[in-house]
Amino acid sequence: LSLLGSSLVQFAFVWWLTKETGSARVLSLASMAALLPEMVMQPFAGAIVDRNDRKLFIILNDAIIPLATLVVGLLFYFGKIAVWHIYIMMAVRAVASAFHYPASQATVALMVSPEHLTRISGLNQALQGIVRIVAPALGALILSVAGVEGAVLIDVITSLMAIGIVLFLAIPKQP
């Protein structure tokens, strides 16, 4: 749920930047803001997540990502948006994603018995692939029907749903 909402809103913001600026430089900077922080943080994030409560990391990052998006959504709503706001939001989302991904992947390994781990990991990867294919189409649809604010709302709702589910999961601690 969270991945779908996040991917959808990410596409919506990139599409908005494309439509509003038409600038390859703006898109390049947005791509760097969305990718570089995650690439830099990921080698450290896995080690940090392994030494701490994974459930907390999943919930925290499922809250930080839509919160950053919500701030930008409010700037859109009040007509105060600037391109640099989107860059900062994408960078914050990227850092949070760097921690979210290893936390969720490691949690699956703790919750699934070894004989089913390969199958569940394969299903998880397939689901992520499906989300990456479906999210741009849904993002374009939502953007055309409900605007950026609608995409932001979907990201917030899907994140709250994911947090609600994780809150009730019993996630074993790392031995």
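Numbering (the numbering used here), first residue to last: 124 to 298.
All residues carry an ideal CB built from backbone N, CA and C; glycine is no exception.
Note that the structure is a prediction, hence the values are computed from the model and not measured.
task = Report yes or no: do the segment 204-219 and the segment 136-151 share at least 3 C-beta pairs separated by less than 8 Å?
result = yes
inquiry  = I need the DSSP call for F167, collapsed to helix, strand or coil.
reply    = On the sequence shown, position 44 is the one that residue 167 refers to. F167 falls in the helix class under three-state DSSP.
inquiry  = Within the continuous alpha helix (DSSP H) that includes P259, where are the two ends?
reply    = On the sequence shown, residue 259 is found 136 positions in, with the first residue counted as 1. Run containing P259: P237 to L290, per the alpha helix (DSSP H) assignment.
request  = Taking 7 Å as the cut-off, decide whether the C-beta atoms of A214 and I187 are in contact.
outcome  = For this step, residue 214 is matched to residue 91 along the sequence shown. For this step, residue 187 is matched to residue 64 along the sequence shown. Not a contact, by the Cβ cut-off of 7 Å.
message = Does chain B have any CB closer than 7 Å to the CB of G245?
response = Absent here is chain B; the protein component of the structure consists of one chain.
inquiry  = Please tell me whether V279 and P189 are closer than 7 Å, where the distance is taken between their beta carbons.
reply    = Against the sequence shown, residue 279 aligns to sequence position 156. Against the sequence shown, residue 189 aligns to sequence position 66. Their beta carbons are under 7 Å apart, which means V279 touches P189 by this criterion.
message = Just verifying my parser: in three-state terms, what is the DSSP assignment at R216?
response = Your numbering for residue 216 matches position 93 in the sequence shown. Correct three-state label for R216: helix.
ask   = Is the segment 193-200 close to the segment 249-260, with three or more CB pairs under 8 Å?
value = Counting Cβ pairs under 8 Å, fewer than three are found: no touch.
Neighbourhood of T230 by C-beta, 8 Å cutoff - its chain only, sequence neighbours within 5 removed = Along the sequence shown, read from residue 1 onward, the residue named residue 230 stands at position 107. Closer than 8 Å at Cβ, skipping near neighbours: R177, K178, I181 and I294.
key: Where N175 falls: helix, strand or coil (DSSP)   = In the sequence shown, counting from the first residue as 1, residue 175 sits at position 52. Here N175 sits in coil by DSSP.
inquiry  = Taking the straight line between their C-alpha atoms, what separation do you get for A217 and E238?
reply    = Sequence index remark: in the sequence shown, residue 217 carries index 94 (1-based). Sequence index remark: in the sequence shown, residue 238 carries index 115 (1-based). Distance between the alpha carbons of A217 and E238 is about 33 Å.
request  = Find the nearest neighbour of N184 within the set A232, A135, V268 and S129, judged by alpha-carbon distance.
outcome  = One-based indexing of the sequence shown puts residue 184 at position 61. The shortest C-alpha separation from N184 is found at S129.
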